[in-house]
């Protein structure tokens with residue numbers, strides 16, 4: 002069994018990650034599950050590479066302080082959103098890496114009106130960046146990217162968050178994101194279809210290729226006693 006530590010304070014991300022890894026011989030554990038130390042210091046920056054590098058160094062520092070030392074594989078994940086019309090207006094990726102904080106005050110009516118005034122280009126890219134630390138392979142981290150294209154919904158939906166799959170919720174940007182060739186928002190899709198457009202899943206699939214290359218991961222169906 003391959004064990005991977007996930008540095009995150011988000012219960013939703015943890016459950017999403019475990020769902021994505023469900024067909025593999027892998028255990029995803031939150032850093033907080035096995036140590037009393039804080040996860041890591043996530044800087045609030047607009048430079049993606051710098052944010053990921055600083056987040057990685059903070060997580061590595063916490064790992065070294067723990068009883069685990071620096072020999073455990075771990076990963077961190079960052080989600081960002083690019084609303085293309087607003088990014089052109091503000092001359093930077095918007096809301097970009099700041100989406101978690103932006104969602105605290107954003108409301109559908111204001112965004113809908115702003116997009117309409119800008120010509121109603123509602124195209125959106127949602128991106129997941131994964132950073133994997135694999136000390137038995139190399140000291141430098143691996144970087145993976147997953148992207149899903151779509152649009153900002155033309156109407157706001159009233160629905161309850163999915164209890165079983167909580168990343169399909171009515172709080173995050175998923176409640177407003179309509180993937181390409183889909184007629185409703187990501188959060189309202191049945192899980193079989195939502196999986197096809199899961200931006201995190203796409204990044205994880207790139208990570209699986211690396212783990213497989215180094216013979217660190219097996220599909221459960223291929224495991225024999």
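Numbering (the working numbering), first residue to last: 2 to 226. From the three backbone atoms N, C-alpha and C, an ideal C-beta is built for every residue, glycine too. These numbers come from a predicted model, not from an experiment.
Self-check item: residue 52 - containing alpha helix (DSSP H), residue span
Solution: Taken as a continuous stretch (DSSP letters only), the alpha helix (DSSP H) holding residue 52 covers 49 to 66.
Quiz item: Nearest-angstrom Cα distance between residue 227 and residue 67?
Solution: Residue 227 lies beyond the residue range present for the chain, which begins at 2 and ends at 226; the question has no answer from this structure.
Practice problem: List the DSSP bridge partners of residue 27. | Solution: DSSP output for residue 27 lists 3 as bridge partner(s).
Quiz prompt | Beta-carbon proximity list for residue 26, same chain, < 7 Å, skipping 5 on both sides | solution = Excluding positions up to five away in sequence, the list reads 2, 3, 218, 219, 221, 224.
Exercise. Could you tell me which of 90, 20, 99, 60 sits nearest to residue 49, measuring between CA atoms?
Key: Residue 49 has its Cα closest to that of 99, out of 90, 20, 99, 60.
Quiz item: In angstroms, rounded to a whole number, what distance separates the CA positions of residue 226 and residue 30?
Solution: The predicted position of residue 226 is uncertain, since its pLDDT is 46 and thus under 50; a value taken from the coordinates is nonetheless stated next. Computed Cα separation, rounded: 24 Å.
Self-check item: Where residue 196 falls, given that 16 or more other Cβ within 10 Å makes a residue buried
Solution: For residue 196, the number of other beta carbons within 10 angstroms of its own is below 16, and it is reported as exposed.
Quiz item: Buried or exposed: residue 179, going by 16 or more other Cβ atoms within 10 Å of its Cβ?
Solution: Result: buried.
Exercise. Could you spell out where the alpha helix (DSSP H) holding residue 209 opens and where it closes?
Key: Here the alpha helix (DSSP H) through residue 209 covers 200 to 214.
Practice problem: Could you tell me whether the Cβ atoms of residue 84 and residue 146 are closer together than 8 Å? | Solution: Cβ distance not < 8 Å, so residue 84 and residue 146 don't count as in contact.
Quiz item: How close, in whole Å, do the beta carbons of residue 5 and residue 75 come, if the pair is a contact with beta carbons under 8 Å?
Solution: About 7 Å separates the CB atoms of residue 5 and residue 75; that is less than 8 Å, so the two are in contact.
Practice problem: Determine contact between the region 7 to 17 and the region 157 to 168, defined as no fewer than three beta-carbon pairs at a distance below 8 Å. | Solution: Pairwise C-beta distances place the region 7 to 17 in contact with the region 157 to 168, as three or more of them are shorter than 8 Å.
Quiz item: In the DSSP assignment, what residue or residues form a beta bridge with residue 153?
Solution: Residue 153 is bridged to 178.
Quiz item: Can the beta-carbon of residue 205 be found less than 8 Å from the beta-carbon of residue 21?
Solution: It is a contact, given that the beta carbons lie within the stated cut-off.
Quiz prompt | Nearest candidate by alpha-carbon position, reference residue 1, set 93, 164, 114 | solution = Residue numbering for the chain in the displayed model covers 2 to 226; residue 1 lies beyond these limits and cannot be assessed.
Practice problem: Would you identify the three-state DSSP class for residue 125, choosing helix, strand or coil? | Solution: Here residue 125 sits in strand by DSSP.
Quiz item: When you compare only the Cα positions, how much space is there between residue 113 and residue 153?
Solution: Using only the alpha carbons, I get a separation of about 8 Å.
Quiz item: So, using beta-carbon positions, are residue 175 and residue 188 closer together than 8 Å?
Solution: Using a Cβ distance threshold of 8 Å, residue 175 and residue 188 count as a contacting pair.
Quiz item: Alpha carbon to alpha carbon, how far is residue 90 from residue 182?
Solution: Straight-line Cα distance between these residues: approximately 26 Å.
Exercise. Output the distance between the C-alpha atoms of residue 177 and residue 203, rounded to the nearest integer angstrom.
Key: Taking the Cα positions, residue 177 is about 20 Å away from residue 203.
Practice problem: Identify whether residue 141 lies in helix, strand or coil by the three-state DSSP scheme. | Solution: When DSSP states are grouped into helix, strand and coil, residue 141 belongs to the coil group.
Quiz item: In terms of alpha-carbon separation, which member of 62, 211, 157, 137 lies closest to residue 131?
Solution: The option with the nearest alpha carbon to residue 131 is 211.
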